[in-house]
Amino acid sequence: MSEPGTAHLRDDTLLSVEHLVVEFPAGRGRKVHAVSDLSIDIRKGETLGLVGESGCGKSTTGRAIMQLPSPTSGSVSYDGTEVTKLSRADLRRLRPKMQMIFQDPISSLNPRRKVGDIVAEPLQIWGIGTPEERVAKVREVLDACGLDPDVAMGKYPHEFSGGQCQRICVARALVLDPAVIICDEPVSALDVSVQAQILNLLEEMKERYGLTLVFIAHDLAVVKNVSDRVAVMYLGKLCETGTPDDVYGSPAHPYTAALLASIPKPEVRSGSEESAPLSGELPSPIDPPSGCRFRTRCPYAQDICAQVEPEVRDVGNGHFVACHFPLVRRPNEPATATF
Amino acid sequence: MRVARKVLLSLLRLAGAVVAVSFLTFLLAHKIPGDPTAIILQDKVNTMVPCGSVLLGETVDCGALAPKVVHPRGTEAPGAVTSVCHADRCVIASDALRHQMGLDQPVLTQYVHWAGKAIHGDFGTTYDTQPQPVWPQIAQALPPTLELMIIAMVLSLIISIPLGIYAAYREHRLGDRILTTASFLFVALPNFVLAIFLIIIFVTWMGAVQSVYVPWSNGVGKNLSTLAIPAVALSLGMASVYQRLLRTDMIATLQEDFILMARAKGLPTWRILTRHALRPSSFSLLTVFGINVGTLIGGTVIMEVMFSISGIGKLITKSIYVRNYPTIQAIVVLIAAVYVAANVLTDIFYSVLDPRIRHA
Amino acid sequence: MPEISAQTEPDPIATDSPDADTETVAKRKRMGVTFWIAIGWVALVVFGAIFQPILPLQSTTKPDPCSTYAATMANYGISGTAAQLYNNSQADSPRQAQQMADAGTKPPADSISACPNPTLNSKTNAFPSAQHWLGTDSAGRDTFARIVAGAKVALLVGLVAVGVGMILGTLIGLIAGYFRGAVEGIMMTFVDVALAFPALILAIAIVAFRGQSLFNVCLAIAIVATPGFARLSRSSTLTFSEREFVMAARVMGASHRRIIFREILPNVALPVVAFYLLAVAIAIVAEGGLAFLGLSVPPPTPSWGTMIQDGYNVINDSPFVVMVPSMVMFVTVLAFNYIGDRFRERFDVKEAAL
């Protein structure tokens, strides 16, 4: 891959996103640049953690992959199929393969329908199985998600706690036997004590059903434990991607470093310089900074950062960063930055 | 600046709505079965209009039209004017008349023509054997209608404001509960049913007042006494709604800090209620007060018919009986204009009065 | 003016009564006796309207035979004496008058069988009696039979016509609120224009221009009701469309139709139904209003509105005649209002619990 901005992309991926751009009209002819030229990919059976502050475009990326709404430009290919080019009917046929779990479990369940119907609905839409088979399938996934089918199926969502509702959402996503599940902040609306349960459930389900996960979260600690690969986003751009050990152990992008520094845990990190936690406001995505979008808040920013947008480049072992002055040196290159 | 823009926008909306409403009424009036000329020529059923005779101030020109007659069974004979047939009878109408009235034009052209004159207060003439201009009729009918509406509006405020304050002040106590129940009953009570109850009590049983309208010219006192029942019947339902609204808002206001502050300063209760709490609590009341103009117009029409008040309502019903479409159309448009204008005024009033909206 | 004195008695302005609040919450849970009375009344009206044709009621159009008894007698030329006797109050009842007349000439047998149990009340504008439970009207027709028949019109105009308006308006609102964009713009412009008409005036215009008939009255009510429902269901649809369960349904591959009807409609339905109950009450009153303008159903079909209007003509002599349909209409409207209010309260509680 020699194309600019896609150096980090790999072959034999299940889902690959290239040059994804999502813009929304913001009135008076202006546009919100929610996602700008983002490229990421996921191999089968992998979990990609997508992290960043609120408003960085990570949820928009998740939805653009699902074509809800379709991205402004760029490509999303699933298993060799270009999803953005599909007709409405073909896209609909692809939907069962890719499911989604949302942030607010209560809001994502129709309050006027019983849990049994909610979980069975995907099967109904696709006309899968006889009514008996559907019930059996619904019972199976509810059971797999740690809910007692006999109790749960006849109840309404408001009779359950947030954590239980998220289990129902997981069950609903699983019922169609999807290949990919996009988890859009699946635990951030939950109590801390429940978060771990849901994360464990997702891990279990991934093992059991051979899933590929895109895990979107703003909480770095959550992502670290579940991901095989981590991608850090800032203002609609990819900052850094790599294995959790690399990204967390030796962050190459000043933004990642600042994010890690802002975790209030007394954790000793090796290989990274002392980073100050983030300061300043997130710039408006309507009018993002030129060059490197992080430069307005970056302690190491220089003139070049305002003029030239940094390319994604390798800093070793599949660890990629989009920064003119990465905090880790490239394998065969002397340090460019002097701090 | 914001207020000015809002006013301008509201006025544009007003104009748009009136145009839309008047066009729809126009369409509705022109979609009716039958020919308006048939109504004008109603008393000339099965007669022939001789050449050179005068119709609506115009001479029937036989040469230009080569008129013909249609007999009941549809056989045609030369020598008379084209006619419109209903079942077994024919009403003579004339192309000349149709042409003179502009009825042979497309509806849109007719509408533009009508609207152009309507802007200058000319709503045309009635479809009648003795056509009259529409506007003077309306102008004559307006004062009693406006009088009744204004009295009813003022009365509803006089009743609702003190009761609303009182109910909020005595929240959940006996007085408040009685008022809540009563307002629920009066909201459900149709105004004409209330009028009937009032007539039975005050006219039939007590003989206290008259139930037939007396105009201003016969004495203000008499006039007002005959308007008492319709005005009360119209206002009690509205007053109940206002009382409820004021009560709810006032209860919320009374829990705010500035009321606590006023109490801490040792102001008397009535002063806190009327000076400090009333104004911030009256916004929903004012909004609904404006919106209610439409309901009030409907109610006024019924009251006028019940109490023989020669106002707009009476005029429109009379026009409906004699199928006097130009008058009906003019009144409907007028009412729609007043209604939309009231809504726009409420909007403007609201945005000028409420600082939260002005600065938002 | 009394000063606020915190020592002597609790200050009403500051009274923040948690007891009262819990009390109202508890009250909301139970529907209460009044609610069931209201439901019972509506059920009675519906029952009467549906089974009116097969109920053993008197004619709604023909006057009571006894009210025309004297006239019948006069027609035969032989009972002039009976009619005279009755009218001159020399006899206490037509029957007695008949008996007195019988002494002279023989009356036709069928006129007696038509009026088997005549009493003084068997005439026009009569008070209630065993024969006429709610008396008779100014034409001597049985008021009870006409009230029951009028219920049919009330329900057609109220439940059915408003129901049509509700379905139409809800559909418009759902489509406008779900698809947004140009569809919404066009649809809501129409709705706003329709709302710029005062409702009763619009109804008057429709009936006046289209002619007086039961169908046109229903049509007018349906048209007048539609925009309100469209507004309500649109705003409700807007809030629910943003909920994630709609997004979830799209992820599942549900069609727009399925999302609108299976996901959004069940949620929009509750406020719509609450509004429907109030709109039914308004429509029943509107029919009365149209009747006063002579624009309700044409005679001889009885409706509560036309009955009130008929009775109003004799209000000074026989106020009872106008009281009966007025009270029936009032109670029905009150019942619908009460059920609607309760329904709304209940619904709000449920929403808050979510």
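Chains as they are written, first to last, in our numbering: chain A, 1 to 339; chain B, 1 to 360; chain C, 1 to 354.
Positions of the beta carbon are idealized from the N, C-alpha and C atoms, including for glycine.
Here the structure is a predicted model, which is why all the values come from computation and not from measurement.
Beta-carbon spacing of residue i, residue j below 7 Å
i: Pro288 (chain A); j: His33 (chain A); result: yes
i: Ile331 (chain B); j: Ile316 (chain B); result: yes
i: Lys152 (chain C); j: Ala230 (chain C); result: no
i: Val138 (chain A); j: Ala120 (chain A); result: yes
i: Val312 (chain A); j: Phe320 (chain A); result: yes
i: Ile65 (chain A); j: Val51 (chain A); result: no
i: Val214 (chain A); j: Val230 (chain A); result: no
i: Ile165 (chain B); j: Leu198 (chain B); result: no
i: Glu240 (chain A); j: Ala217 (chain A); result: no
i: Ala269 (chain C); j: Ser108 (chain A); result: no
i: Leu201 (chain A); j: Leu259 (chain A); result: no
i: Val226 (chain A); j: Thr47 (chain A); result: yes
i: Gly318 (chain A); j: Gln307 (chain A); result: no
i: Val340 (chain B); j: Thr25 (chain B); result: no
i: Ile364 (chain B); j: Pro319 (chain C); result: The displayed coordinates of chain B run from 1 to 360. Any statement about residue 364 (chain B) would go beyond what the structure contains.
i: Leu147 (chain A); j: Arg172 (chain A); result: no
i: Glu242 (chain C); j: Phe102 (chain A); result: no
i: Ser16 (chain A); j: Asp41 (chain A); result: yes
i: Val203 (chain B); j: Phe292 (chain C); result: no
i: Val224 (chain C); j: Leu195 (chain C); result: no
Close beta carbons around residue i, own chain, < 7 Å, minus the five adjacent residues each side
i: Val157 (chain C); result: Val217, Cys218, Ile221, Ala283, Ile284, Glu287
i: Leu27 (chain B); result: Val107
i: Thr126 (chain B); result: Gln132, Val134, Asn324, Pro326, Thr327
i: Leu174 (chain C); result: Ser233, Thr237, Ile260, Ile264, Leu265, Val268
i: Asp257 (chain B); result: none
i: Asp12 (chain A); result: Arg43
Delimiting residues of the alpha helix (DSSP H) encompassing residue i
i: Lys97 (chain A); result: From DSSP, Lys97 (chain A) is part of no alpha helix (DSSP H); its letter is neither H nor E.
i: Leu202 (chain C); result: 199-210
i: Ala322 (chain A); result: Here Ala322 (chain A) belongs to no alpha helix (DSSP H); instead the beta strand (DSSP E) covers 320-322.
i: Ser385 (chain B); result: As shown, chain B starts at 1 and ends at 360. That puts residue 385 (chain B) outside it, with no answer to give.
i: Thr256 (chain A); result: 254-261
i: Thr295 (chain B); result: 293-306
i: Thr239 (chain C); result: 214-241
i: Arg279 (chain B); result: 278-281
i: His113 (chain B); result: 107-119
i: Glu207 (chain A); result: 192-209
Neighbourhood of residue i by C-beta, 6 Å cutoff - its chain only, sequence neighbours within 5 removed
i: His86 (chain B); result: At His86 (chain B) the pLDDT is 40, less than 50, meaning the model places this residue with poor confidence and gives no usable figure here.
i: Arg63 (chain A); result: none
i: Phe387 (chain B); result: Residue 387 (chain B) is absent from the model: chain B starts at 1 and stops at 360.
i: Gly74 (chain B); result: Note that Gly74 (chain B) has pLDDT 37, beneath the 50 cutoff, so the model's placement of it is unreliable and the number below is only indicative. So no residue of the chain qualifies.
i: Phe144 (chain C); result: Trp133, Leu134
i: Tyr255 (chain A); result: Tyr234, Cys239, Phe294
i: Thr60 (chain A); result: Val22, Ala34, Val35
i: Glu184 (chain C); result: Ala176
Paired residues, beta bridge with residue i - DSSP
i: Tyr234 (chain A); result: A:Lys237
i: Lys31 (chain A); result: A:Pro25
i: Ile264 (chain C); result: Ile264 (chain C) pairs with nothing; no bridge assigned.
i: Tyr166 (chain B); result: None; Tyr166 (chain B) has no bridge partner.
i: Ile320 (chain B); result: None, per the DSSP bridge assignment.
i: Gly129 (chain A); result: Note: Gly129 (chain A) sits in no beta bridge, so no partner.
i: Cys183 (chain A); result: A:Ile101, A:Phe215
i: Thr125 (chain B); result: B:Pro133
The beta strand (DSSP E) enclosing residue i, as first and last residue numbers
i: Asp169 (chain A); result: The sequence given here places Cys at residue 169 (chain A); Asp does not occur at that position. Here Cys169 (chain A) belongs to no beta strand (DSSP E); instead the alpha helix (DSSP H) covers 162-174.
i: Val312 (chain A); result: 312-314
Chain-order list of residues whose beta-carbon lies under 8 Å from that of residue i (same chain, five-residue window excluded)
i: Pro96 (chain A); result: Pro122, Trp126, Leu176, Asp177, Pro178
i: Tyr338 (chain C); result: Thr34, Phe35, Ala38
i: Asp191 (chain A); result: Gly162, Gly163
message = In chain order, what are the residue ranges of uninterrupted beta strand (DSSP E) at least 3 long that sit wholly in the region 324-349 of chain B?
response = none
Q. In chain order, which beta strand (DSSP E) runs of at least 3 residues are fully inside the region 132-173 of chain C?
A. Here no run is fully enclosed.
Please go through the region 43-97 of chain A and give each complete alpha helix (DSSP H) segment of 4 or more residues, from N-terminal end onward. 58-65, 88-94
Could I get the ranges of all uninterrupted alpha helix (DSSP H) runs contained in the region 303-337 of chain C, with 4 residues as the minimum, in chain order? DSSP runs (the alpha helix (DSSP H)) wholly in the region 303-337 of chain C: 304-312.
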